[in-house]
Amino acid sequence: MKKASFALCIAVIALGLALAAGVKTFLAPCVHEDGSFGACHWAGQMLLGVGALLAALGLLALIHRNQSVRAGLLLAAAAASILGLLTPGTLISLCKMSAMRCRAIMQPAAMVLCALALLLSLAGALAGRWKKMRCS
Amino acid sequence: MNAFSLPEKNLLRKPGRTAALMLLTAFLALSVFGGTVVVSSLQRGLGSLESRLGADIIVLPSSAQSKVSFEKLLLQGTTGAFYMDASALDSVLEVEGVEAAAPQTFLASLKADCCSVKIQVIGMDPQTDFVVQPWIAQSLSRELGEMEVAVGCKVEADVGEIIRIYDERCRVAARLAPTGTGLDTAVYCDMATMRQLLRAAEAKGVTHKLTSDSGDMISAVYVKVKDGYDVDRVNNLLNGHVRKASAVRTRSMLTQVADGLAGVSRTVALLIAAVWALSLVILFIAFAMMVHERRREFAVLRLLGTSRRMLSRMVLWEAALCSLLGAALGLGLAAALVFPFTTLIEMNLGLPYLAPSVGLVLRYAALSLAVTVAAGALASAWAAWKLSRTDPGATLREGA
């Protein structure tokens, strides 16, 4: 179970880094010709923060030996993932057309990455808890 | 412990092997489910385009070289603006065999409210239109009023919201049902609103190379041919009678799209076949190796009183359980890859793409799950059969 917990922490870190790096590269929001920023730019910035937070929480969970602390950190990562899920389109609006980059690429990719991070961080938190229950 | 609990424990005790087998079956389920959904979406898109066109012939201005741009407008939602004199409508109606003719006027906006993309504005006459009006009628029980628009499902504007086109305030009266075509990205209004928008565009310095007043210009005429008349003959008559315009049969347009769809379907089918062939061979070898590796364990079970049938059932159950978990993973992965990225897939394919209904998706998922589990069990069947034929005493003596 320890190995599984480690693997889940590493997966959360990878997803966080993919999200943070993605919104600056292949998942970047729309680029306006006149250089101005639309709402989707700020949604991208928020996702960058959420991605970095996920990676940091995953890293802390990875290096912490205490199972309860690790579970707590992974639960925090789950909460951050929910924030990431709600950011594009719900908390911060995006462009008006579905064919725009922010709606066609950034939003679905961010939602998939955040949904995976949510599932894995919850699984990681529960994995530690399950082991504790079995031992007691 | 029984014939069902032992395989479960085996799977849990060997997480690496279980994960590898699950990954293989996940690929099988992913390819079947993902491929089926994509092909089904393309077929629904073609059907939707066919019903949405609703005309036998479309008359377009010849000067605009417009057939290609019109197709792009229909399929990919690219903007287009080409015009001919409104008298073309009268010429069309004069041709023998024409039952109904519906004019449309196109205008490309500068940009939408918050983003740097142009949107296509399509003006039509609600009294005579038989193409867009029935579609609008599904969402709006009355005709569009002055400075009111109906928006395609891919324009993110709610009913009652005000959108600005060339700084003119237009109220969204309806959001239209999805068609899976470029028509989903357009905004629809009546001819009076369109005339006002054209004037606003000209005031903003956007030239449309109009030869006369903007009120007398149209972009296309949709033609319905009377029953009993040959569409090709009417098409030829229109080409000869309407000046500076060319008539295009919608059937030829649909045939091109259908050809494109057939090409994509073939490619998807080939990919699925390749993934299946490869995965089945690997699964077959993996199960054979697994049984060979565990032959002493099975021999001990036989000596402890496990019957041949029970042993075979255990191997089959282990394979089925592993395939079930792998298939569920594959379905999840396919859903995560296909459904959120519908717009991206549609844009890259350049073909009409309309996602299937929830009921149909669930049916495809159940079918993919059943096929994948059956394939996994089938791949282990030979290993299970071989195992039931082995003499346990001889197996144990081999390793002594």
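First to last, the protein sequences are chains Y and H. Numbered continuously in the numbering used here, the first sequence closes out at residue 136. Numbered continuously in the numbering used here, the second sequence closes out at residue 400. Even glycine gets a Cβ: it sits at the ideal position worked out from N, Cα and C. The structure presented is a predicted model; accordingly, all values stated were derived computationally and were not measured.
Assumed close pair residue i, residue j - CB separation to whole angstroms, cut-off 8 Å
| i | j | result |
| --- | --- | --- |
| Y:Ala-71 | Y:Cys-9 | So it is not a contact: roughly 11 Å between Cβ atoms. |
| Y:Val-50 | Y:Ala-80 | 6 Å |
| H:Leu-387 | H:Ser-307 | Their Cβ separation, rounded to whole angstroms, is 12 Å, which puts H:Leu-387 and H:Ser-307 out of contact at 8 Å. |
| Y:Gly-89 | Y:Gln-107 | 6 Å |
| H:Gln-104 | H:Met-147 | Incorrect: roughly 18 Å between the Cβ atoms, too far for contact. |
| H:Ser-91 | H:His-241 | 6 Å |
| H:Ala-201 | H:Tyr-166 | 5 Å |
| H:Val-300 | H:Ser-380 | H:Val-300 to H:Ser-380, Cβ: 20 Å. No contact. |
| H:Val-38 | H:Leu-238 | Not quite, the Cβ-Cβ distance comes to about 37 Å (not below 8 Å), so this is no contact. |
| H:Thr-181 | H:Lys-154 | At roughly 10 Å, the Cβ-Cβ gap does not stay under 8 Å, so H:Thr-181 and H:Lys-154 are not in contact. |
| Y:Val-12 | Y:Leu-120 | 6 Å |
8 Å Cβ shell around residue i - same chain, five flanking residues per side excluded
| i | result |
| --- | --- |
| H:Gly-205 | none |
| H:Ile-282 | Leu-24 |
| Y:Ala-123 | Leu-8 |
| H:Ile-162 | Arg-169, Cys-170, Arg-171 and Val-172 |
Endpoints, the alpha helix (DSSP H) within which residue i is located
| i | result |
| --- | --- |
| H:Ile-165 | That residue, H:Ile-165, is in no alpha helix (DSSP H); its beta strand (DSSP E) goes 162-165. |
| H:Val-155 | Unbroken run through H:Val-155: none, as it is neither H nor E. |
| Y:Gly-9 | Before going on, a small fix: residue 9 of chain Y reads as Cys here, not Gly. Start and end: 2-22. |
| H:Asp-90 | 87-94 |
| H:Val-37 | 15-53 |
| H:Cys-322 | 308-338 |
| H:Asp-232 | 231-241 |
| H:Glu-99 | Here H:Glu-99 belongs to no alpha helix (DSSP H); instead the beta strand (DSSP E) covers 98-108. |
| Y:Ala-28 | Unbroken run through Y:Ala-28: none, as it is neither H nor E. |
| H:Tyr-364 | 358-389 |
| H:Glu-398 | 392-398 |
Extent of the continuous beta strand (DSSP E) run through residue i
| i | result |
| --- | --- |
| H:Met-124 | 120-124 |
| Y:Cys-40 | Counting along the chain, Y:Cys-40 falls outside any beta strand (DSSP E), though it belongs to the alpha helix (DSSP H) covering 39-63. |
| H:Phe-298 | Element bounds for H:Phe-298: not the beta strand (DSSP E) but the alpha helix (DSSP H), 295-303. |
| H:Arg-175 | 168-175 |
| H:Val-59 | 57-61 |
| H:Leu-344 | Careful: H:Leu-344 lies outside any beta strand (DSSP E), inside the alpha helix (DSSP H) at 342-349. |
| H:Val-248 | 245-249 |
| H:Val-223 | 220-225 |
| H:Val-187 | 186-190 |
| H:Ala-150 | 148-151 |
Own chain partners of residue i with C-beta closer than 7 Å, once the 5 adjacent residues on each side are dropped
| i | result |
| --- | --- |
| Y:Leu-94 | Ala-39, Cys-40, Ala-43, Pro-88, Cys-102, Arg-103 and Gln-107 |
| Y:Ile-92 | Ala-39, Trp-42, Ala-43 and Met-46 |
| Y:Leu-48 | Ala-20, Val-23 and Lys-24 |
| H:Glu-318 | Pro-7, Asn-10 and Leu-11 |
| H:Ala-174 | Ile-136, Ser-139, Leu-140, Ala-150 and Val-159 |
| H:Leu-329 | Met-22 and Ala-26 |
| H:Ala-400 | Any reading at H:Ala-400 must be qualified, since the residue scores a pLDDT of 48, below 50, and its modelled position is unreliable; the value itself is stated next. Correct list: empty, nothing qualifies. |
Spatial neighbours of residue i in its chain, beta-carbon cut-off 6 Å, leaving aside the 5 residues before and after
| i | result |
| --- | --- |
| H:Gln-43 | none |
| H:Trp-382 | none |
| H:Asp-465 | There is no way to answer for residue 465 of chain H, as the model of chain H reaches only from 1 to 400. |
| Y:Ile-63 | none |
- Query: When Cβ atoms are compared, which residues of the segment 92-126 of chain Y fall closer than 9 Å to chain H?
  - Reply: Ser-93, Leu-94, Cys-95, Lys-96, Met-97, Ser-98, Ala-99, Met-100, Cys-102, Arg-103, Ala-104, Ile-105, Gln-107, Pro-108, Ala-109, Met-111, Val-112, Ala-115 and Leu-116
- Task: Closer than 9 Å, Cβ to Cβ, to anything on chain Y: give me those residues from the segment 119-136 of chain H, in chain order.
- Result: Ile-119
- Query: If you measure beta-carbon to beta-carbon, which residues of the segment 165-179 of chain H are closer than 9 Å to chain Y?
  - Reply: none
- Examine the Cβ distances between the segment 315-332 of chain H and the segment 228-241 of chain H and report whether three or more of them are shorter than 8 Å. Put simply, the segment 315-332 of chain H does not touch the segment 228-241 of chain H. Fewer than three CB pairs are less than 8 Å apart.
- Query: Is the segment 24-34 of chain H in contact with the segment 326-342 of chain H, if contact means three or more CB pairs nearer than 8 Å?
  - Reply: yes
- Task: Decide if the segment 55-64 of chain H is in contact with the segment 363-371 of chain H; the criterion is three or more beta carbon pairs, one per stretch, under 8 Å apart.
- Result: no
- Message: Any contact between the segment 218-226 of chain H and the segment 164-182 of chain H? By contact I mean 3 or more CB pairs, one from each, below 8 Å.
- Response: no
- Determine which residues of the segment 16-32 of chain H have a Cβ less than 8 Å from any Cβ of chain Y, and write them out in chain order. Using a CB distance below 8 Å, no part of the segment 16-32 of chain H faces chain Y.
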